[in-house]
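Single-structure report; data block below.
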Amino acid sequence: MLNFKQIFVSFIVVLALSLSVVARPSITKIETPNWWTGFVSPVMVLLHGENLNDAKFSLSYPGVKIEKTRLQPDGKYAFVWLSIAKKAKPDTVNLTLTTAAGTATAALPLMGRQSTAGSFQGVTRDDAFTSSRLC
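Take any residue in the sequence shown, note its place counting from 1, add 208, and you have its number in the numbering used here.
As structure tokens, then:
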């Protein structure tokens, strides 16, 4: 017959092994892969990965904040809405996801928009095809 000490040690070993099996979160893809300063805000970012259940998100970047998050029950997808201020500077925003099993980070490049002045003229009447051009 097993004594109490042997049972207790066995229980601790099983507990330690079961805790080590808990999978750490991982992020394998981020959509959209980048965004721009001075553009539409908020932007929804989709994170794809594993073990995203019960995740808490954080970031530390001037001019960018998390507005809302939504996790999917299967733990494979997380939607994160980011508010990007007009004053935000181009660089990489690191979005950190934390669960009881660990952390994962997704990098979202925040790019500067190029000036469109003189680059795009829009649609003019010269772009339209009319029957008068056939004759």
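For each residue, glycine too, the CB sits at the ideal point set by N, CA and C.
query	result
Any contact of the region 241-258 with the region 300-320, i.e. 3+ C-beta pairs under 8 Å?	yes
Could you say which of A309, A336, Q322 and I292 lies nearest to L267 if we only look at CA atoms?	I292
Determine the direct distance from the alpha carbon of N259 to that of F247, and round the result to whole angstroms.	32 Å
Give the secondary structure of D262 by DSSP, where H, G and I count as helix, E and B as strand, and everything else as coil.	coil
Compare the C-alpha of A278 against each of A263, T307, G271 and V331 and name the closest.	Per the sequence presented here, residue 278 reads as Arg, with Ala not at that position. That would be A263, whose Cα lies nearest to the Cα of R278.
Between the alpha carbons of S228 and G310, how many angstroms are there, rounded?	Model confidence at S228 stands at a pLDDT of 46, short of 50, so the residue's coordinates are unreliable; what they give is reported in the following sentence. One C-alpha to the other measures close to 11 Å.
Could you tell me the distance, in whole angstroms, from the CA atom of T307 to the CA atom of A286?	13 Å
What is the rounded straight-line gap between the Cα of K290 and the Cα of R333?	Note that residue 290 is Leu in the sequence shown, not Lys. So the two alpha carbons sit approximately 39 Å from each other.
Return the chain-ordered list of same chain residues with a C-beta closer than 6 Å to the C-beta of K295, the five sequence neighbours on each side being excluded.	G271
Output the distance between the C-alpha atoms of A231 and W244, rounded to the nearest integer angstrom.	34 Å
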